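**Q**
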Amino acid sequence: MATTVQPGPAETSDSTGGPTKAYAWGVEEYDTPLKAMTIERRAPRNDDVAIRITHCGICHSDLHMAHNDWGMSIYPMVPGHEIVGIVTAVGPDVTKYKVGDKVAVGCLVDSCQKCHQCTSGHEQFCVEGATLTYSSLDRRDGTITFGGYSDHIVTRQEFVLKLPDSLDISRAAPLLCAGITTYSPLKKYGVGPGQKVGVAGLGGLGHMGVKIAHALGAHVTMITTSPGKGDDARALGADEVLISKDADAMNAAAGTFDFILDTIPVGHDVNPYLNLLAPNGNMVLVGAIEPLPSVHGGLLAMRNRTLAGSLIGGLPETQEMLDFCGEHGIHPEIETIKLDEVNEAYDRLVRGDVRYRFVIDIEASRPAT
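See the structure below:
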């Protein structure tokens with residue numbers, strides 16, 4: 002059955018156990034603002050978990066997808082891939098979750114589950130193509146997937162994650178993207194005690210990079226163009242602040258970093274940051290998904306440096322990240338809004354006017370019935 006979208010409040014669930022109507026905010030086309038919609042969620046399949054969404058983070062990629070900046074958007078669209086909530090129903094084959102559990106859903110909702118990438122815990126690289134939480138096509142019935150700017154979601158159990166009780170459900174949502182995006186490369190490259198780590202860019206990704214690198218035991222330096230962000234960086238866990246526009250400071254720090262996490266969200270010159278790496282140092286891009294200016298090969302070859310990229314993580318690593326954050330009390334710094342404020346939030350996001358992540362309180366956004 003094709004997915005339909007209509008404006009207006011949500012309808013009640015189908016008492017026969019069929020598809021349900023969900024209240025949501027989304028876009029009809031790339032050049033239209035977000036607005037209230039009614040979307041259809043499928044009836045839970047045997048391996049599905051139904052979740053009442055309590056909170057959903059706003060990722061900068063939501064804005065890019067809504068505007069079709071990457072040329073891959075499918076409309077109509079309900080964004081949102083930083084989802085937390087409470088289980089309301091499970092299919093008969095579900096063994097991992099029960100009604101009442103606190104859970105989370107990230108950037109993916111399905112994959113083939115058979116290829117080498119999937120069986121090794123890297124579902125994001127599924128050979129057949131992973132199914133995105135929104136603006137993707139369901140593997141089984143071909144309908145459009147809709148994300149977390151909505152009052153509930155139905156998801157295959159393998160793509161549902163357990164939210165530790167030690168995490169505040171009202172603050173945890175951005176961990177499902179910003180958290181795993183920064184945790185994954187820090188873990189892959191063995192960041193830990195005795196290492197000097199730089200985090201370039203203090204935003205939604207960067208502030209999580211500082212918190213996680215600090216919790217891993219590294220000596221953390223925030224690298225920023227803005228001296229005014231120094232106090233914030235130190236409060237988040239940075240040991241030092243390096244102003245990248247200060248040529249003398251950059252020269253003094255050259256060749257001293259073991260690892261740099263580059264979270265800058267736009268194309269930029271990476272050469273000054275590469276020059277900060279010690280021999281055999283690694284720099285990983287997680288922010289800029291667009292062409293970069295020329296990279297000087299000598300900065301890599303002459304010091305055995307590595308320039309790499311990273312994008313989220315698979316389901317096992319994402320669960321590991323949630324458990325790590327729960328153990329260390331790591332929460333994103335957020336500003337809470339309601340669904341009818343998302344257009345204003347998008348405008349502010351473009352201006353960089355948020356510290357450091359917007360989270361939609363879905364519970365407080367539900368229309369009166």
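Take 2 as the starting number for the sequence shown in my numbering and just add one per residue.
Glycine included, every Cβ here is placed at the ideal spot set by N, Cα and C.
No experiment lies behind these values; they were computed from the predicted model shown.
Output needed for Ala51: all residues of its chain with C-beta closer than 6 Å, excluding positions within five of it in sequence on either side, in chain order.
**A** So the list reads Pro45, Thr89, Ala90, Val155, once near-sequence residues are dropped.
**Q** Just mark Thr5 as buried or exposed, buried being the case when its beta carbon has 16 or more other beta carbons within 10 Å.
**A** For Thr5, the pLDDT reaches just 37, beneath the cut-off of 50, and the residue's location in the model is therefore unreliable, leaving the point undetermined.
**Q** Considering only their Cβ atoms, is the gap separating Gly81 from Gly149 smaller than 8 Å?
**A** In contact: Gly149 and Gly81 (Cβ atoms closer than 8 Å).
**Q** Give the C-beta separation of Thr222 and Ala239 to the nearest angstrom, bearing in mind that I take them to be a contact with Cβ-Cβ under 8 Å.
**A** Correct: roughly 6 Å between the Cβ atoms.
**Q** My understanding is that Ile313 touches His56, with C-beta atoms under 8 Å, so please give their C-beta distance in whole angstroms.
**A** Not a contact, Cβ separation roughly 19 Å.
**Q** Using a 10 Å radius around the Cβ and a threshold of 16 neighbouring Cβ atoms, would you call Trp71 buried or exposed?
**A** With fewer than 16 Cβ atoms within 10 Å of its Cβ, Trp71 is classed as exposed.
**Q** Could you tell me if Glu328 is buried or exposed, where buried requires 16 or more neighbouring beta carbons within 10 angstroms of its beta carbon?
**A** Exposed is the call here.
**Q** Less than 8 Å between the CB atoms is what I'm expecting for Ala105 and Leu323, so what's the real figure, rounded?
**A** Rounded, the Cβ-Cβ distance is 7 Å, consistent with contact.
**Q** State buried or exposed for Val211, treating a residue as buried only when at least 16 other CB atoms are found within 10 Å of its CB.
**A** Answer is buried; the Cβ neighbour count reaches 16.
**Q** Identify whether Cys57 lies in helix, strand or coil by the three-state DSSP scheme.
**A** Strand at Cys57.
**Q** Which runs of the beta strand (DSSP E), 3 residues or longer, sit entirely within the region 22-88?
**A** Those beta strand (DSSP E) runs which fall completely within the region 22-88 and span 3+ residues are 36-42, 49-59.
**Q** Got a sec, what are the start and stop residues for the beta strand (DSSP E) Pro280 sits in?
**A** Looking at the DSSP string, the run of the beta strand (DSSP E) that includes Pro280 is 278-286.
**Q** If we ignore side chains and look at the alpha-carbon of each, how far apart do Pro93 and Asp48 end up?
**A** Roughly 7 Å between the two C-alpha positions.
**Q** One question on the structure: do Lys339 and Ala365 come within less than 8 Å of each other, judged by their Cβ atoms?
**A** Yes.
**Q** Which residue or residues does DSSP assign as beta-bridge partners of Gly310?
**A** DSSP output for Gly310 lists Leu286 as bridge partner(s).
**Q** Given Thr13, which residues of its chain have a CB within under 6 Å of its CB, disregarding the five upstream and five downstream residues?
**A** Its pLDDT being 33, under 50, Thr13 is placed unreliably by the model, and nothing is read from it.
**Q** Please check the pair Ala234 and Thr226, which I expect to be a contact at CB under 8 Å, by giving their CB distance rounded to whole angstroms.
**A** Going by Cβ atoms, the distance from Ala234 to Thr226 rounds to 12 Å, so no, they are not a contact pair.
**Q** For Gln7, count neighbouring C-beta atoms within 10 Å of its own C-beta (all shown protein chains included) and say buried if the count is 16 or more, exposed if not.
**A** At Gln7 the pLDDT is 39, less than 50, meaning the model places this residue with poor confidence and gives no usable figure here.
**Q** Straight-line CA distance for Pro175 to Pro333?
**A** C-alpha separation (whole angstroms): 7 Å.
**Q** Cutting at 7 Å between CB atoms, please list the residues of its own chain near Lys246, excluding the five before and the five after it.
**A** Contacts found: Thr226.
**Q** Which ranges would you report for the beta strand (DSSP E) in the region 203-279 if only whole runs of at least 3 residues count?
**A** The region 203-279 contains these whole beta strand (DSSP E) runs: 220-225, 241-244, 258-263.
**Q** If you draw a straight line from the alpha carbon of Pro10 to that of Ile75, how long is it in whole angstroms?
**A** With a pLDDT of only 37 at Pro10, under the threshold of 50, the placement of this residue in the model should not be trusted, and no figure is reported.
**Q** Are Phe260 and Asn283 close, meaning C-beta to C-beta below 8 Å?
**A** Result yes, Cβ atoms of Phe260 and Asn283 sit closer than 8 Å.
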